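Residue numbers (my numbering): -10 to 229.
Single-structure report; data block below.
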Ligand SMILES: C[S@@+](CC[C@H](N)C(=O)[O-])C[C@H]1O[C@@H](n2cnc3c(N)ncnc32)[C@H](O)[C@@H]1O
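Now the structure itself:
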């Protein structure tokens, strides 16, 4: 099973991921600044319910949440180490905060709530293809009528094979992530090579459509790192 083993990597190497994000090698600063804008744009501060699937330590989401807090924030992750840190980063939030140690697809399929914002950052690419389809089906079931699925993730180019994607991404890591100690960089490369199964944007959009999410818009793209907003209805292309 891809996800459980991959999550075991994060449990062991959480500090390595934290280092990678500290140096902004995956564009977290730009991506999460935009997420903050989007949350404000919903004009629902203190009123919306948000689930964060594969929340990690929520370090980059927390500042946006503090500025436009939900009524309920529910973070789900398989790494207890990450969740322990998340408690600290989210400590200033005055809303209800629930952190669940669990598998994201199981949690989504089990939820009985309707969520206004379903957020996921760099986690869905760890799921097998059938589980990604199940993920979208579960989103289709539990997203509120005017809700948003905000997905931050790595994606393949259209018609790019996984092999070609990996070659390009590993080259990017080895060329650009120069401040990561060599042995740790190779551990990160091995993780990507073994556990990353990104899809193309159109493949994800197709799964979303089949689950009743007709609207989708690319919010940002930095190389392979995308942010896509999915909704039930078509989105006006002029906003955002
Ligand atoms: C790359 S980190 C992303 C953390 C944060 N969302 C971000 O954007 O920086 C991926 C996180 O997803 C978690 N994860 C991976 N697969 C998961 C799964 N199937 N269920 C729950 N968490 C998972 C890992 O433990 C890790 O904390």
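Beta carbons: idealized from backbone N, C-alpha and C, even for Gly.
The model shown is predicted, which means the values in this text are computed figures rather than measured ones.
Ligand 1 and residue i: does the residue's C-beta get closer than 7 Å to at least one heavy atom of that ligand?
{"i": "residue 92", "result": "yes"}
{"i": "residue 180", "result": "no"}
{"i": "residue 185", "result": "no"}
{"i": "residue 65", "result": "yes"}
{"i": "residue 68", "result": "yes"}
{"i": "residue 14", "result": "no"}
{"i": "residue 86", "result": "no"}
{"i": "residue 51", "result": "no"}
{"i": "residue 141", "result": "yes"}
{"i": "residue 6", "result": "yes"}
{"i": "residue 112", "result": "yes"}
{"i": "residue 216", "result": "no"}
{"i": "residue 100", "result": "no"}
Have a look at residue i and residue j and give me their C-alpha separation to the nearest angstrom.
{"i": "residue 216", "j": "residue 95", "result": "23 Å"}
{"i": "residue 8", "j": "residue 169", "result": "8 Å"}
{"i": "residue -10", "j": "residue 109", "result": "Unreliable placement is indicated for residue -10, whose pLDDT of 42 sits below 50; no coordinate value is reported for it."}
{"i": "residue 103", "j": "residue 57", "result": "19 Å"}
{"i": "residue 157", "j": "residue 206", "result": "25 Å"}
{"i": "residue 3", "j": "residue 99", "result": "27 Å"}
{"i": "residue 211", "j": "residue 142", "result": "11 Å"}
{"i": "residue 315", "j": "residue 12", "result": "Past the boundaries of the shown model lies residue 315; the chain is included only from -10 to 229, so the question cannot be answered."}
{"i": "residue 220", "j": "residue 154", "result": "27 Å"}
{"i": "residue 128", "j": "residue 172", "result": "38 Å"}
{"i": "residue 198", "j": "residue 145", "result": "19 Å"}
{"i": "residue 26", "j": "residue 163", "result": "32 Å"}
{"i": "residue 93", "j": "residue 66", "result": "7 Å"}
{"i": "residue 59", "j": "residue 165", "result": "36 Å"}
{"i": "residue 52", "j": "residue 23", "result": "12 Å"}
{"i": "residue 236", "j": "residue 214", "result": "As displayed, the chain neither begins before -10 nor continues past 229, which places residue 236 out of reach and without an answer."}
{"i": "residue 82", "j": "residue 137", "result": "21 Å"}
{"i": "residue 125", "j": "residue 196", "result": "6 Å"}
{"i": "residue 174", "j": "residue 134", "result": "43 Å"}
{"i": "residue 223", "j": "residue 202", "result": "8 Å"}
With hydrogens ignored, establish whether the beta-carbon of residue i is closer than 7 Å to any heavy atom of ligand 3.
{"i": "residue 73", "result": "The model on display carries ligand 1 but not ligand 3."}
Meets three-Cβ-pair contact criterion under 8 Å: the segment 70 to 79 and the segment 144 to 163
no
What are the complete alpha helix (DSSP H) segments, minimum 4 residues, inside the segment 139 to 166?
Taking only runs of at least 4 residues, the alpha helix (DSSP H) segments lying wholly in the segment 139 to 166 are 151 to 165.
Quick one: complete alpha helix (DSSP H) runs, 4+ long, within the segment -5 to 40?
17 to 30
Inter-stretch contact (C-beta, 8 Å, three-pair minimum) for the segment 112 to 124 and the segment 183 to 198
Counting C-beta pairs with one atom in each stretch, the segment 112 to 124 and the segment 183 to 198 have three or more that are closer than 8 Å, which means they touch.
Let me know the beta strand (DSSP E) ranges lying completely inside the segment 53 to 107, each 3 residues or longer, listed in chain order.
61 to 66 and 85 to 90
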